[in-house]
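S.K.:
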Amino acid sequence: IPRTTNPKHLKMNSASRVGRVRTLQKRELSKVKDAVSSLLRGQDLTPPKANFENRHTDILHLFWRSEGGEEIPVMEGLQPGESFDTTTYPGHVFVAYDQSKSQRREFTINAFYGEHEQFHIEEL
């Protein structure tokens, strides 16, 4: 059993503080279970996948936006009716532009590890 003599740590880990931790929702419990199972097996979690389907009437250009704000092309020339799949990470932001790059729309990845998220791009 880990022990500490640090008063701050003792207070933060006291029974009254631990008792205030809220009950996890079903999806949160599933995430914890998957993460711990992978950790115990010595495996990495499978990154989420995202699918972008062009339901717009125009050709689209898809970019990934870095944390620094740089937009890096991942799929240029996505024709109407076509789709594009990519491996990504929770919180990543993708930006879709129309052919002339005058209209844009951002998409944030909400999928967790092992999940798949689909975006139907109908309008920008």
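Those letters in the sequence shown? Residues 15 to 138, by my numbering.
We put the beta carbon where it would ideally sit given N, CA and C, even for glycine.
Note that the coordinates shown come from a computational prediction; the quantities given were computed from them, not determined experimentally.
1. What span of residues does the beta strand (DSSP E) with His134 cover, start to end?
2. Can you name, in chain order, every residue of its own chain whose Cβ lies under 8 Å from the Cβ of Thr60, other than the five neighbours on each side?
3. Near Asp72, which residues of its chain fall below 6 Å by C-beta distance, leaving aside the five closest residues on each side in sequence?
4. How big is the Cα-Cα spacing for Phe77 and Ala110?
5. How would you label Leu92, buried or exposed, when you count the other beta carbons within 10 angstroms and need 16 or more for buried?
6. Counting only runs of 4+ residues fully inside the region 17-58, write out the alpha helix (DSSP H) ranges in chain order.
7. Keeping to the same chain, check which residues put their C-beta closer than 7 Å to that of Met89; ignore five residues upstream and five downstream.
8. Spatial neighbours of Asn20 within its chain, please: C-beta separation below 7 Å, excluding the five flanking residues on both sides.
9. Out of Gly95, Glu96, Glu131 and Pro94, point me to the one whose CA is closest to Phe108's CA.
10. Is Asp72 helix, strand or coil by DSSP?
11. Round the Cβ separation of Pro62 and Pro94 to the nearest angstrom and send it over; I've been treating them as touching at under 8 Å.
12. Which one or two residues does DSSP pair with Ile86 in a beta bridge?
M.R.: In this structure, then:
1. Going by DSSP, His134 is part of the beta strand (DSSP E) stretching over His130 to Ile135.
2. Excluding positions up to five away in sequence, the list reads Tyr127 and Gly128.
3. Cβ within range, chain order: Asp112 and Gln113.
4. Taking the straight line from one Cα to the other gives about 6 Å.
5. Looking at its Cβ environment, which holds 16 or more other Cβ atoms inside 10 Å, Leu92 is buried.
6. Listed in chain order, they are 21-26, 29-32 and 40-55.
7. Non-local beta-carbon contacts of Met89 in its own chain, meaning distances under 7 Å to residues more than five positions away in sequence, involve Leu76 and Phe98 in chain order.
8. So the list is empty, once near-sequence residues are dropped.
9. Among Gly95, Glu96, Glu131 and Pro94, the Cα nearest to that of Phe108 is on Glu131.
10. Secondary structure at Asp72: coil, using DSSP grouped into helix, strand and coil.
11. About 25 Å; that fails the 8 Å criterion.
12. Answer by DSSP bridge pairing, in chain order: Trp78.
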